[in-house]
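J.: In order, the protein sequences belong to chains R and P.
For what it's worth, the working numbering labels the leading residue of the first sequence as 670, then goes sequentially.
For what it's worth, the working numbering labels the leading residue of the second sequence as 781, then goes sequentially.
Where is the CB? At the ideal position from N, CA and C, for every residue including glycine.
Since we're looking at a predicted model, the values are computed, not measured.
Please see the structure below; I have some questions.
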Amino acid sequence: MRSQFRDTIMDLATTDSSIALLFGDVSVYLFREFQELYPDRFYNVGICENTIISMAAGMASQGLTPFAHTIAPFITERCLEQIKLDLAYNKFPANIVTCGASFDYAWDGATHHCLTDLAILRLLPGMEVVQPGSRAELDILLRESYNSGNPTYYRLSDRPHEVETDVAFGKGCVVRDSGAKTTVVTAGPILGNVVEACKNLSVNILYFPTIKPFDYELLDKYKDTEIIVVHDAYGLHEAVNVMPGLNTRYHGLKDAFCACYGTLEDIRETLDLGVESMRAVIAKTVNN
Amino acid sequence: MSIYTDIRKDILNIAFDSGHGHIPTCFSIVELIQTVYETMKNDPTNPEWDERDIFILSKGHAALVHYVVLARRGYFEMEPVCGFGGCESTFGCHGDRNKTPGVEVSTGSLGHGIGVAVGIAMAFKIQKSDRKVYVIVGDGESNEGSVWEALMVAADQNLTNLTVIYDNNNSHARGLQITNPGEKLSAFGMNVIEIDGHDTAAIKNALLADTDKPKAILANTIKGKGISEMSDNHYPWHRRSPSKEELDRFMEELDA
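Pasting the structure below:
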């Protein structure tokens, strides 16, 4: 998805001279062409996440459209106060684009896992929180909201799903409506596993690439079904549960650090988010 | 009577009326902030003038002196500032850019304003604008690592349109002490001009000096300057406002 980020930015930059990039020494090589074409508007700041966010705020205050980009945990969890005050409270509309979602850096361990970014950023007034799950989704969602006038967070993954979706900013998608009494609600790259796991199961599947603003209109249509939120992060099930009177349960992270290494698949298996283990959990709910 | 004394009197009166203080931190930068506004490009009748220079009070708890200076320049009437800190007031104990004309960035949590100032200076560089950015940073605030991150970036990008005014008012004495701030600022890539931060001629000269690196004015100041009780021991006065007796006594001292 990072190469799609580059492709979309390169295209937007041909007509939008306000775009400026502040990078935390990540994905720099990918953006070499941007740097060559627009040397004044690309700056690899280095390992200075707090300052990257503050600078993005300052640049946005003067009419530029900055994109702050580096690895997710370091520029969200470390910089929560900079995002809260310098961007959200000041109403300076910069974009934050991260890589290294959830367990993308599985082998690097818990320091590099990012599980709370969507959850904490959706709590900030005025903040838009977007989790595109595929290259195509990123392209659409970025174009629709990068200059929305609000600070916007895009969480990219190096392991996108390959499901065809019909996304729009602020909208959820019906991936499957079987008229079933159980609805699986999900977001992000784990959609690939969800679709596989739900084959031949009597469930509806809803997909929400925009965590905030959340599409409650769509959710409302399924409010009388039993809802299972399947997500390898926090934030989605909290957003779902804003709607009163739902019958929901969450299948995803435990209240524990994931201290193992390995691959993304290894970690998904330990969390019962692999295809077979997920299927067993969902099937049990459907059959109860 | 100098304008600096008048500003201090306004602050005392508003603090007395409202019950909200932060007086010593305001008093250390009276000459600095007033002189910055006399020097930089600004238009009180048009706070959003697109050629204006930008001033940011990174040590946001000194908001009251900023309001008084802005009011005296004509950004707004002095009278509503007297509701300082009240529920309906547009003048909070920390500045809010969405409420007060002339306040460019909301500050309060320390170590933020300087990073935003660096971003603005960089935006002006990208836009090939000759606008300038001024930011007052406190020495206590400079316990925050984000201050030094921002300075490194300013130096790396050689943001000569940025002036960092380091209010060396001994706020940090109780906690982690920033020893030799001039050496530190210099080591972080700034062109340092050290002055008496209450000497308005020195302030003006430092503001106007051309430098080939981002500029840091190391301003040695006195917390509570002008009121001996506050400057001898500013800690009890950190946040409090004066009683009527204290107000009268302080006014007399300022007049003396």
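Could you say if the stretch 906-924 of chain P and the stretch 945-960 of chain P meet the contact criterion of at least three C-beta pairs nearer than 8 angstroms?
T.: At 8 angstroms Cβ cutoff, the stretches touch.
J.: Grab the span of the beta strand (DSSP E) containing K735 of chain R for me, first residue to last.
T.: What you label residue 735 of chain R is simply residue 66 of the first sequence in a count that begins at 1. Note on residue identity: the sequence assigns Pro, not Lys, to residue 735 of chain R. Residues 734-740.
J.: Tell me where the alpha helix (DSSP H) around H846 of chain P begins and ends.
T.: The count along the second sequence starts at 1 and reaches residue 846 of chain P at position 66. Start and end: 843-853.
J.: Going straight from the alpha carbon of L956 of chain P to that of C748 of chain R, what length do you get?
T.: Along the second sequence, read from residue 1 onward, the residue named residue 956 of chain P stands at position 176. Along the first sequence, read from residue 1 onward, the residue named residue 748 of chain R stands at position 79. Rounded to whole angstroms, L956 of chain P to C748 of chain R spans 22 angstroms at the Cα level.
J.: Quick check on F926 of chain R: buried or exposed, where buried means 16 or more other Cβ atoms within 10 Å of its Cβ?
T.: Counting from 1 along the first sequence, the entry for residue 926 of chain R is found at position 257. F926 of chain R comes out exposed.
J.: From T879 of chain R to Y930 of chain R, what distance separates their C-alpha atoms?
T.: As a working note, residue 879 of chain R is residue 210 in the first sequence. As a working note, residue 930 of chain R is residue 261 in the first sequence. C-alpha separation (whole angstroms): 29 angstroms.
J.: Please decide whether G882 of chain P counts as near chain R, where near means a Cβ-Cβ distance under 8 angstroms.
T.: Mapped onto the second sequence, residue 882 of chain P falls at position 102. With 8 angstroms as the cut-off, G882 of chain P does not count as an interface residue toward chain R.
J.: Fully enclosed by the stretch 847-875 of chain R, which alpha helix (DSSP H) runs are 4 residues long or longer?
T.: As far as the stretch 847-875 of chain R is concerned, its whole alpha helix (DSSP H) runs of at least 4 residues are 860-866.
J.: Give me the DSSP bridge partner(s) of H920 of chain R.
T.: On the first sequence, residue 920 of chain R is found 251 positions in, with the first residue counted as 1. Per DSSP, R:V899.
J.: With distances taken from CA atoms, which of P:G888, P:K839, P:A897, P:P881 is nearest A729 of chain R?
T.: As a working note, residue 729 of chain R is residue 60 in the first sequence. It is P:A897 whose Cα lies nearest to the Cα of A729 of chain R.
J.: Quick test of the definition: if touching needs 3 or more C-beta pairs under 8 angstroms, does the stretch 765-779 of chain R touch the stretch 729-742 of chain R?
T.: Yes: the two stretches touch, three or more of their Cβ pairs being nearer than 8 angstroms.
J.: Quick one: Cα of T932 of chain R to Cα of G977 of chain P, how far?
T.: Start at 1 with the first residue of the first sequence, and residue 932 of chain R comes out as number 263. Start at 1 with the first residue of the second sequence, and residue 977 of chain P comes out as number 197. So the alpha carbons of these two residues sit roughly 58 angstroms apart.
J.: Counting only Cβ pairs nearer than 8 angstroms, list the residues of chain R close to F904 of chain P.
T.: Mapped onto the second sequence, residue 904 of chain P falls at position 124. Near F904 of chain P (Cβ distances below 8 angstroms), the residues of chain R are Q731.
J.: Residues in the stretch 892-903 of chain P with C-beta within 7 angstroms of chain R's C-beta atoms, listed in sequence order?
T.: Within the stretch 892-903 of chain P, the qualifying residues are H892, G895, V896, A897, V898, G899, I900, M902, A903.
J.: Please report how far the alpha carbon of H906 of chain R lies from the alpha carbon of I721 of chain R, in whole angstroms.
T.: What you label residue 906 of chain R is simply residue 237 of the first sequence in a count that begins at 1. What you label residue 721 of chain R is simply residue 52 of the first sequence in a count that begins at 1. Each residue's alpha carbon lies about 30 angstroms from the other.
J.: At least one CB of chain R closer than 8 angstroms to the CB of Q907 of chain P: is that the case?
T.: The sequence position of residue 907 of chain P within the second sequence is 127, counting from 1. Interface residue, yes.
J.: Does the stretch 873-892 of chain P come into contact with the stretch 686-695 of chain R, if we say contact requires no fewer than three beta-carbon pairs (one atom in each stretch) closer than 8 angstroms?
T.: No contact exists between the stretch 873-892 of chain P and the stretch 686-695 of chain R.
J.: Would I752 of chain R and L793 of chain R be called neighbours here (beta carbons separated by less than 8 angstroms)?
T.: Residue 752 of chain R sits at position 83 when you count from the first residue of the first sequence. Residue 793 of chain R sits at position 124 when you count from the first residue of the first sequence. Yes, these two residues count as a Cβ contact at 8 angstroms.
J.: Return no unless some Cβ of chain P is closer than 8 angstroms to the Cβ of A726 of chain R.
T.: As a working note, residue 726 of chain R is residue 57 in the first sequence. Yes, its Cβ sits closer than 8 angstroms to a Cβ of chain P.
J.: Can you pull the DSSP bridge partners for A689 of chain R?
T.: Against the first sequence, residue 689 of chain R aligns to sequence position 20. Beta-bridge pairing links A689 of chain R to R:P735.
J.: Measure the CB-CB distance between V883 of chain P and I900 of chain P and report whether it falls below 8 angstroms.
T.: On the second sequence, residue 883 of chain P is found 103 positions in, with the first residue counted as 1. On the second sequence, residue 900 of chain P is found 120 positions in, with the first residue counted as 1. No.
J.: Tell me the start and end of each unbroken beta strand (DSSP E) in the stretch 930-954 of chain R that is at least 3 residues and wholly inside, in chain order.
T.: List check, beta strand (DSSP E) in window: nothing returned.
J.: Ends of the alpha helix (DSSP H) at I752 of chain R?
T.: Here residue 752 of chain R corresponds to residue number 83 of the first sequence, with the count starting at 1. I752 of chain R -> no alpha helix (DSSP H), and no H or E assigned at all.
J.: Among R:K923, R:C717, R:Y712, whose alpha-carbon lies nearest the alpha-carbon of G925 of chain P?
T.: Position 145 of the second sequence, counted from the start, is the residue given in the question as residue 925 of chain P. Selected option, being the one with the closest Cα: R:C717.
J.: Which residues, in chain order, does the stretch 816-831 of chain R contribute to contact with chain P at a C-beta distance below 7 angstroms?
T.: Within the stretch 816-831 of chain R, no residue qualifies.
J.: With a threshold of 8 angstroms, are at least 3 pairs of Cβ atoms found where one atom belongs to the stretch 988-1002 of chain P and the other to the stretch 932-946 of chain P?
T.: Yes, the stretch 988-1002 of chain P is in contact with the stretch 932-946 of chain P.
J.: Rank R:I896, R:M724, R:H920, R:H900 by C-alpha distance to the C-alpha of P913 of chain R and give the top, closest one.
T.: Along the first sequence, one-based indexing puts residue 913 of chain R at 244. Answer by Cα proximity: R:I896.
J.: Starting from the beta carbon of S886 of chain P, find every residue of chain R whose beta carbon is closer than 8 angstroms, and list them in chain order.
T.: Stepping through the second sequence from its first residue, residue 886 of chain P is reached at position 106. Near S886 of chain P (Cβ distances below 8 angstroms), the residues of chain R are L754, Y758, N759.
J.: So Q751 of chain R contacts chain P; which residues on that side make the cut at Cβ distance below 8 angstroms?
T.: Translated into the one-based positions of the first sequence, residue 751 of chain R becomes position 82. Those are H892, G895, S926, listed as they occur along chain P.
J.: Could you pull out every residue in the same chain whose Cβ sits closer than 8 angstroms to the Cβ of D676 of chain R, ignoring the five residues on either side in sequence?
T.: Taking the first residue of the first sequence as 1, we reach residue 676 of chain R at position 7. Answer for D676 of chain R: D808, listed in chain order.
J.: Quick check on R747 of chain R - is its C-beta less than 8 angstroms from some C-beta in chain P?
T.: Here residue 747 of chain R corresponds to residue number 78 of the first sequence, with the count starting at 1. No, no contact with chain P.
J.: Taking 7 angstroms as the limit between beta carbons, can you name the residues of its chain near D823 of chain P, skipping five residues before and five after?
T.: Along the second sequence, one-based indexing puts residue 823 of chain P at 43. Excluding residues within five positions, the ones whose Cβ falls inside 7 angstroms are W829, R832.
J.: Could you list which residues in chain R have their beta carbon closer than 8 angstroms to that of S889 of chain P, in chain order?
T.: In the second sequence, residue 889 of chain P corresponds to position 109, counting from 1. Neighbours of S889 of chain P on chain R, chain order: E750, L754.
J.: Can you round the beta-carbon distance between P827 of chain P and P881 of chain P to whole angstroms, since I take them to be within the 8 angstroms contact cut?
T.: Counting from 1 along the second sequence, the entry for residue 827 of chain P is found at position 47. Counting from 1 along the second sequence, the entry for residue 881 of chain P is found at position 101. 4 angstroms between Cβ atoms; contact.
J.: Distance check for K890 of chain R and L875 of chain R, CA to CA, integer angstroms please.
T.: Stepping through the first sequence from its first residue, residue 875 of chain R is reached at position 206. Stepping through the first sequence from its first residue, residue 890 of chain R is reached at position 221. Cα to Cα, L875 of chain R sits roughly 11 angstroms from K890 of chain R.
J.: Go ahead and label D1035 of chain P buried or exposed: buried means 16 or more other beta carbons lie within 10 angstroms of its beta carbon, across all protein chains shown.
T.: For the purposes of this step, residue 1035 of chain P is identified with residue 255 of the second sequence, where counting begins at 1. Exposed: under 16 other Cβ atoms inside 10 Å.
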